[in-house]
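Per our numbering, residue 3 is the first one in the sequence shown, and the count goes up by one each step. Where a beta carbon is used, it is the ideal one built from N, C-alpha and C, also for glycine. Heads up, the thing below is written out as structure tokens.
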Amino acid sequence: VGFVPPASALDGERSTARRRGPSSASICEDADGSGGGACRRGDDDGGGRDMASLREWASSRGFEMSEGLDLVSGDGSGWGVSLSRSTPAGTAIMRVPKKSIVLSSSDAAEGVLSEADLAHARSVVEERGMEEHWTEFLLTARIVAEKARGTEGEWHPWLESLPATFTTGLFMDEVERSYLPALAAGLVELQDRQLEVFDEALRSLENEDVRLALSGPDDGKDLIRWAFSVVFTRSHRFVEDDGSGDPRTEIVPMGDVFNHRDPGDVVWNDDAEGGYAEFVLKEDVVLEEGETSRDIYLSYGLSNPNRFLAIFGFVDDTTPEVLSQIVFTDPAPEMIELGCNDPRRMVFNSGGMIANAVWDSLLFAVLAKRPDEQKELYDAHVRGDREGKRAVHNRYALEVAGALKRHVDQTLEGAYSEERTVVKATSSADDEDSSEHPILPLVCRLNSLMRTIFTRVKERLDGIVEQEYRRRVAEQQQQRQ
């Protein structure tokens, strides 16, 4: 049936953003604008961001950059990181002292929240079902307090270097949200709920800085949304290494300037010698003749265009794969072992190829009333018996390909329908004007990307279904003879 392994796993989940600007600045493009390059983040256009003070502040606190590394602006499309000299793999091109620069949930509450504040806020977060994001709340509270402190704040130079707004789901209006496919819309709705809980918990605090910040225009709602967005678009999440298994969330000023590309050029080392966080080159960077510098990128994790737009505010045209968007309710343990719950395995390649886990999981589901053959498939999988699995697949190739084709057809008719890939012409007052809805072109770009990939999958499945149907008919005719 055409077994295709999913692309190699990515470098973990990461919350980072791009920078807002004109819609085209939030799309991954080559230098000629054709698409296929790397991604600048969906924040602002870089104007008004004090990067010079950020550099001075970081240097005064022990920040280190390798020779030739610099922060660069991209012609109104935000900031990024570049190298102007050839550098070997394994070089730590950026070293950030954790004690003086990194903002961590482990100590974010120190000097900001009293024990009573912590207890009260935690009860709000837990009662509202958001305890999983307690560490992100601590960082949000710290940023709100730091903003109130102004120039006296410890992280003021970093805060002044941040974008003023974003192109993430939280900043979309009703029209822009109406174009979102269900997967992206679900992520935005989750962030809506998270923001609502964080807002309530922040307003329960007695801290003077937080109260001052929330006494401003619109009762601080815009500030809370902004601080929340800074955290969820620029933080890394880890598991504590003290054996507790507790989560820890960190933001790395200076390190948060890296833009996205998959695969990235650097890997993140949170526990380098001397108390540093490091960004280390994965491969040699060799500048070619006439090349004065090269942009350096970090992978933001799980390759999911819906996630990238909703959470980070950009569309990644270079994505190597997308989620198949097949969901099984209450799957059996054997089905989970086959990969049905693993988003890194349940994928379609951007060229239209279909991952093993998709074929295996659907076949297991198709065999629901044939437990002996389900067992045959699963046992072959556990043994690593590719030929044994292929034999079961060949028996039911038409049924499995047909089921998958129905899913793809329905997705193309609904979430990624053609009319959702273009902004309506502004011929009347009722039409969606992109100047009134600046993020709408990005949403349409997402839908267009996903439609293109799902169409490639459909074309492949159409061929498989036709081939398997002919084979089935031929077999039946032969049996009758």
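In terms of DSSP beta bridges, what is residue i paired with?
| i | result |
| --- | --- |
| Y299 | N261 |
| R388 | R388 pairs with nothing; no bridge assigned. |
| N271 | E280 |
| R239 | T251 |
| S246 | S246 pairs with nothing; no bridge assigned. |
| S116 | According to DSSP, which records beta bridges pairwise, S116 is partnered with nothing at all. |
| M256 | Per DSSP, none; premise fails for M256. |
| E66 | R97 |
| T89 | V287 |
Measure from the alpha carbon of residue i to the alpha carbon of each residue in the options, then state which is nearest.
| i | options | result |
| --- | --- | --- |
| E148 | A111, E128, V254 and F168 | A111 |
| G303 | D318, V394, T153 and R57 | D318 |
| G257 | L442, G70 and V83 | V83 |
| V425 | Y181, A118 and L56 | Y181 |
| Y418 | K100, V114, A186 and A54 | A186 |
| V190 | G465, R309, L379 and V212 | R309 |
| L369 | R397, S305, A203 and M348 | R397 |
| G354 | Q376, D72, V324 and S363 | V324 |
| T170 | D248, G404 and F234 | F234 |
| W59 | L105, T137 and H158 | H158 |
| T320 | T93, H262 and A367 | H262 |
| V410 | V212, L283, V459 and G188 | V459 |
| E293 | L85, G80 and W81 | L85 |
| P420 | L448, S437 and L400 | Correcting the residue identity first, residue 420 is Glu in this sequence and not Pro. Comparing Cα positions, the closest option is L448. |
| D175 | P440, V254 and Q469 | P440 |
| R392 | E401, A382 and L400 | A382 |
| I328 | F456, P322, Q481 and E208 | F456 |
| A405 | V349, D464 and L444 | D464 |
| R346 | L172, P322, S55 and A166 | P322 |
| S108 | F240, L311 and V232 | F240 |
Is DSSP giving residue i helix, strand or coil here?
| i | result |
| --- | --- |
| D34 | Any reading at D34 needs caution, since the residue's pLDDT is 37, under 50, leaving its predicted position unreliable; the model's value is listed next. Of the three classes helix, strand and coil, the one that applies to D34 here is coil, per DSSP. |
| Q478 | helix |
| T457 | helix |
| A94 | strand |
| S84 | strand |
| F316 | coil |
| F173 | helix |
| V324 | strand |
| E438 | coil |
| M132 | coil |
| D72 | strand |
| E290 | coil |
| E378 | helix |
| D464 | helix |
| R472 | helix |
| L105 | strand |
| F1 | Outside the displayed span of the chain (3 to 483) sits residue 1, for which this structure offers no information. |
| E285 | coil |
| P8 | Reliability fails at P8, whose pLDDT of 30 lies under 50, so the model's placement of it is uncertain and the value that follows must be treated cautiously. Correct three-state label for P8: coil. |
| F200 | helix |
| T142 | helix |
| T137 | helix |
| F330 | coil |
| S28 | For S28, the predicted model reports a pLDDT of 45, less than 50, meaning its position is unreliable and no value from the coordinates is stated. |
| Q193 | helix |
| A123 | helix |
| M452 | helix |
| S419 | coil |
| R309 | helix |
| K371 | coil |
| N343 | coil |
| V445 | helix |
| D46 | Residue placement at D46 is poorly supported in this model, since its pLDDT is 48, which falls under 50; the coordinates still yield a value, given next. Correct three-state label for D46: coil. |
| L304 | coil |
| G152 | helix |
| A184 | helix |
Starting from residue i, follow the beta strand (DSSP E) in both directions and report where the run begins and ends.
| i | result |
| --- | --- |
| T413 | No beta strand (DSSP E) holds T413; the alpha helix (DSSP H) holding it covers A399 to E415. |
| V349 | V349 to N351 |
Let's see if you can read the secondary structure: which residues bound the alpha helix (DSSP H) around residue i?
| i | result |
| --- | --- |
| N358 | N358 to V368 |
| E336 | P335 to L340 |
| A60 | M53 to S62 |
| P159 | H158 to E162 |
Practice problem: Scan the stretch 203-231 and note each continuous alpha helix (DSSP H) run of 4 residues or more that stays entirely inside, going in chain order. | Solution: 210-215
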